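Read through the structure below, which is laid out as structure tokens, and then see the notes.
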Amino acid sequence: MTRGTVHFVRHAQTLFNVNGQLQGWCDSPLTARGERQIAALGERMRGVPLVAAFMSDLTRTRTTAAAALAGHPSIEPVPTTTLREWHFGGFEGQPNASLWEPVFADHGYSYVPASADWPRMTDAGLDSVIDAIHRHDPSGRADTAASVRERVEAALALILPAAEHGDVLVVTHGTVLGSLLRAIDPAHRPRAGFPNCGIVPVTDGVIGPIDASCAVD
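Set out below in structure tokens:
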């Protein structure tokens, strides 16, 4: 059968997103804007010929996926831990700068939100960034590059075979989305951040432009 498109989606806006707090394996509720985003996402996906859906098992992705599938009542999304965000360990819930300032400094850069230095810092790959997070985490619980790679490979082993039969929805998180795309195409250079409810289409290994039409105010 014709290979379908995988529609990778970042979850809708949450309280921690607005507050500038690190949100990996911890959760926070959607904001009013996030609720508007998932409503727009549901309309956007209504006409897409989906045959399957996968989602991170965290609450914000479950809520986003449920709304995205409003027009597809016969599709039951599959929750999986393999699509979880990077784990930030003891930095979970802390201000973004508390983690990113030392990590950027390790790579010779100064951190500012939505930093233009992110593409340069990650040009050779994301592994050094992930391992720096683990190194700075006083709890020792944060992901390593190896643990993220293991999850990403397991996630793609679920997703890509399903796409042989048609279009697939995947609802996940911002930084791990960069890891997923880099695993699909090592030449891909992820941007500093994906918009909430941004959609990245991937067809036969070709990564398309970000569709930010559902990142509404």
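Read in order, the letters of the sequence shown correspond to residues 918 to 1134 in our numbering.
The C-beta atom is built at its ideal place from N, Cα and C for all residues, glycine as well.
In this text the structure is predicted, and so the values were computed from the model without any measurement.
Spatial distance of residue i from residue j (CA atoms)
i       : j       : result
Leu975  : Asp944  : 7 angstroms
Leu1075 : Glu1067 : 13 angstroms
Gly883  : Asp1048 : Beyond the ends of the chain as shown, which are 918 and 1134, falls residue 883; an answer cannot be given.
Arg1001 : Thr978  : 9 angstroms
Gly1115 : Leu947  : 15 angstroms
Glu952  : Cys1131 : 11 angstroms
Leu862  : Pro1036 : Nothing can be reported for residue 862, as the shown portion of the chain is limited to 918 through 1134.
Ile1050 : Asp1040 : 17 angstroms
Ala1129 : Arg1052 : 34 angstroms
Gly1172 : Leu932  : Not covered by the structure: residue 1172. The range shown for the chain is 918 to 1134.
Val1065 : Ala1100 : 11 angstroms
Ala1033 : His1004 : 23 angstroms
Gln954  : Phe1111 : 14 angstroms
Those residues which DSSP pairs with residue i across a bridge
i       : result
Leu1086 : His924 and Ala970
Pro996  : Met972
Gln954  : Answer is none; Gln954 lacks a bridge partner.
Ala1123 : Before going on, a small fix: residue 1123 reads as Val here, not Ala. The partner list for Val1123 (beta bridge, DSSP) reads Thr1120.
Asp1048 : Answer is none; Asp1048 lacks a bridge partner.
Thr1139 : There is simply no residue 1139 to check, as the chain begins at 918 and stops at 1134 in what is shown.
Gln938  : Pro1012
Asp1128 : Ile1116
Nearest candidate by alpha-carbon position, reference residue i, set the options
i       : options                               : result
Val1088 : Val1020, Leu1073, Gln1011 and Leu1016 : Leu1073
Asp1102 : Val1123, Val1133 and Pro946           : Val1123
Pro1012 : Thr1061, Ser1045, Pro1112 and Val1029 : Val1029
Ser1015 : Leu958, Ala1129 and Asp1054           : Asp1054
Thr999  : Val1085, Trp942 and Gly1006           : Trp942
Ala987  : Leu1097, Leu958 and His1105           : Leu958
Val935  : Val1119, Asn1113, Pro1126 and Pro1118 : Asn1113
Pro990  : Asp1134, His928, Ala970 and Ala929    : Ala970
Ile950  : Gly1006, Val1046 and Thr981           : A small fix is needed here, since residue 950 is Arg in this sequence, not Ile. That would be Thr981, whose Cα lies nearest to the Cα of Arg950.
Ser1096 : Val1020, Gly1007, Ser1045 and Pro1078 : Ser1045
Arg961  : Ala1063, Ala985, Pro1019 and Gly1007  : Ala985
Residue burial classification, residue i (beta-carbon count within 10 angstroms, cutoff 16)
i       : result
Ser1027 : exposed
Gln940  : buried
Pro994  : buried
Pro1140 : Because the chain is modelled from 918 through 1134, residue 1140 falls outside the range shown and cannot be assessed.
Ala1080 : buried
Glu1009 : buried
Gly1091 : buried
Gly921  : buried
Ala1031 : exposed
Ser973  : buried
Coil, strand or helix - residue i by DSSP
i       : result
Leu1097 : helix
Asp1023 : helix
Asp1134 : coil
Pro1078 : helix
Ala1073 : In the sequence under discussion, the amino acid at residue 1073 is Leu, which differs from the Ala named in the question. DSSP places Leu1073 in helix when its eight states are reduced to three.
Val1065 : helix
Met918  : Annotation note: pLDDT 42 at Met918 (below 50); position unreliable, coordinate value reported separately. Coil, per DSSP.
Thr1039 : coil
Ala1033 : coil
Trp1017 : helix
Glu1002 : coil
His1173 : Outside the displayed range of the chain (918 to 1134) lies residue 1173, so it cannot be described from this structure.
His1105 : coil
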